[in-house]
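According to this note's numbering, the sequence shown is numbered sequentially starting from 31.
Even for Gly, the Cβ is constructed at its ideal location relative to N, Cα and C.
Here the structure is laid out as structure tokens; the discussion comes afterwards.
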Amino acid sequence: MKKTINDAIHDPVQLAEVIRPFQGTQTVFPVDVFQIAESLNLFIKFARFESNQAGRYMQPFDQDDHIHLVVLSATDDIQRQRFTLAHEIAHYLRYVYAGISVEIIEAGKVDRKEEEKFVNTFASHLLAPNEKVEDVLPTFKVGDYVPLENIGEMSWIFGLSPLAMASILAYRFDLIDGETDPKILKHRVTTYLNDNTDYDVNKFLETKSALYCQVIDAYRFDLFTIDEHQERRKVIRYIYNEMAGEGIDISIEEVAEIFTDLDLHETKSQFMKTGKQRVIEALGQCEIYRMLAQNNLTFPSLHDIRNLHRRLYQYAPHPEAGGTFRTANASVVGSGLSVVGFQDLPVQWHSLSKEFDDFADVASDLSNSEYLKRALEFHYSLTVLHPFPDGNGRVARAFLNWLLKLRDIPFVFFEKEEMKKQYLGSLSSIDAFNDYKILQLLYMRAIISALAD
Ligand SMILES: [Zn+2]
């Protein structure tokens with residue numbers, strides 16, 4: 031007879047076997063631990079911890095509260111987040127099915143160390159069951175052992191950190207040669223990885239990207255909202271970074287002042303009359319944000335980018351120039367991207383509009399990760415189309431945030447330095463290699479980071 035959670039609750043290895051099928055009809059590797067949490071009605075929230083804590087399971091506050099929550103560190107890498115989540119899932123199950131609560135552990139009725147050992151064993155077996163490890167071993171074993179140089183690659187099969195993989199091989203299978211005392215093993219693995227830069231993480235971008243897709247697809251974006259005060263601070267940082275990233279010399283204090291004044295006095299804001307270019311553009315950026323903040327936002331057409339551009343320049347000396355296409359060739363500063371020639375612009379705009387309408391038709395059937403992928407393809411196309419003389423990056427990113435908002439995904443922006451290096455760099459890699467993975471990864475990580483704001 032099939033085992034239930036109740037049958038297996040006192041055996042971490044059996045419990046892992048019972049829980050793994052919660053990821054769906056098929057067993058996939060790396061195990062979709064985020065989907066498992068979702069299927070178990072366990073909610074996930076990302077946060078930035080003060081200490082180097084990786085995660086925490088939060089019991090419901092009282093009997094009327096039915097929310098079981100796992101808080102994960104937004105700054106950890108994805109492999110660690112996965113292991114932490116698996117660990118916290120075990121705490122959750124032990125609480126619900128065996129009554130092992132924080133209070134009981136704190137009262138010393140259950141040994142904390144033993145409990146931690148239990149949940150870690152569960153996590154390790156959930157993500158890397160013996161059977162699957164044995165299946166892939168022939169590829170990685172050399173003689174009697176798995177050499178350190180093979181551990182990085184092997185770890186990606188399970189979506190584990192190299193250290194977690196090495197621990198499994200050492201303590202479950204005795205397959206690591208030499209000293210394997212936990213501290214020494216940790217030292218050996220990290221030293222090996224640091225010294226061998228040819229362990230090429232880029233080789234595993236596809237897997238890494240797939241792991242982030244699992245997060246984006248299982249995450250309940252609709253559940254968590256931030257308060258007005260946090261939202262305001264975030265918007266000011268957003269506007270500031272959008273401008274600073276474009277090389278506009280403005281301080282965050284000045285942005286805050288302009289934003290607040292516009293909010294209070296609308297078109298009577300004292301900043302309307304200054305005539306300073308950076309103030310005009312900051313006001314425009316505020317207006318773009320106000321448009322995206324509307325609650326009744328509907329799915330845009332490509333034409334709405336022209337509306338965003340009009341907003342960006344609505345306080346400029348010639349606001350009628352907003353939303354009009356460029357009439358000269360252009361380039362994207364600092365990216366090496368090849369931009370569409372201005373004569374080709376109308377035709378290309380027309381065909382991209384049609385493609386976008388097709389996307390709009392199917393958007394609601396797409397998973398979050400598929401939706402994001404398509405949205406980023408349009409984002410790239412818009413960047414190389416570069417329809418306006420100025421402000422293209424800002425409106426293209428605002429347009430992308432519009433699409434994200436329709437899925438309750440928080441808006442994304444990049445800090446000044448990130449913008450130059452990672453963001454423009456990943457757009458260039460599409461130009462050079464037709465490879466969207468780097469841009470997708472960048473956005474998925476930025477989304478997780480934004481969830482912790
Ligand atoms: Zn724990």
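Put residue i into one of helix, strand or coil per three-state DSSP.
i, result
"Phe76", "strand"
"Val163", "helix"
"Arg250", "coil"
"Val101", "strand"
"Gly85", "strand"
"Ala441", "This sequence places Phe at residue 441; Ala is not what is there. Coil, per DSSP."
"Ser368", "coil"
"Gln93", "coil"
"Tyr270", "helix"
"Lys306", "coil"
"Asp225", "helix"
"Ala462", "helix"
"Asp395", "helix"
"Phe301", "helix"
"Ser131", "coil"
"Lys264", "helix"
"Thr237", "helix"
"Gly455", "helix"
"Lys139", "coil"
"Val245", "helix"
"Lys450", "helix"
"Gln56", "coil"
"Gly277", "coil"
Assuming residue i contacts residue j under a Cβ cut-off of 8 Å, what Cβ separation, rounded to an integer in Å, is found between them?
i, j, result
"Gln452", "Leu436", "That belief does not hold up - the Cβ atoms of Gln452 and Leu436 are roughly 25 Å apart, past 8 Å."
"Ile266", "Val285", "5 Å"
"Lys446", "Asn271", "6 Å"
"Gln109", "Leu190", "6 Å"
"Gln470", "Leu367", "That belief does not hold up - the Cβ atoms of Gln470 and Leu367 are roughly 17 Å apart, past 8 Å."
"Gly421", "Tyr343", "7 Å"
"Val219", "Ala196", "5 Å"
"Val100", "Ala67", "7 Å"
"Ile278", "Arg308", "5 Å"
"His1", "Val425", "Given a span of 31 to 483 for the chain in the structure shown, any question on residue 1 remains unanswerable."
"Leu102", "Phe76", "5 Å"
"Leu415", "Gln378", "6 Å"
"Ile78", "Ala482", "Residue identity differs from the one stated: residue 78 is Arg in this sequence, not Ile. About 5 Å; that satisfies the 8 Å criterion."
"Phe64", "Ala240", "Not a contact, Cβ separation roughly 12 Å."
Could you check where the alpha helix (DSSP H) with residue i kicks off and where it finishes?
i, result
"Leu412", "398–415"
"Val392", "375–392"
"Gln109", "108–128"
"Leu433", "422–435"
"Asn36", "35–38"
"Glu284", "282–295"
"Arg475", "467–481"
"Leu45", "42–49"
"Ala489", "The question about residue 489 has no answer here: the residues shown for the chain are numbered 31 through 483."
Worksheet item: Residue ranges of each beta strand (DSSP E) run of no fewer than 3 residues wholly in the region 141–221, ordered along the chain?
Response: none
Worksheet item: Which runs of the alpha helix (DSSP H) spanning at least 4 residues fall entirely within the region 313–358, listed in chain order?
Response: 334–342
Item to complete: For ligand 1, enumerate in chain order all residues having a CB closer than 6 Å to any of its heavy atoms.
Response: His117, His121, Glu146, Val149
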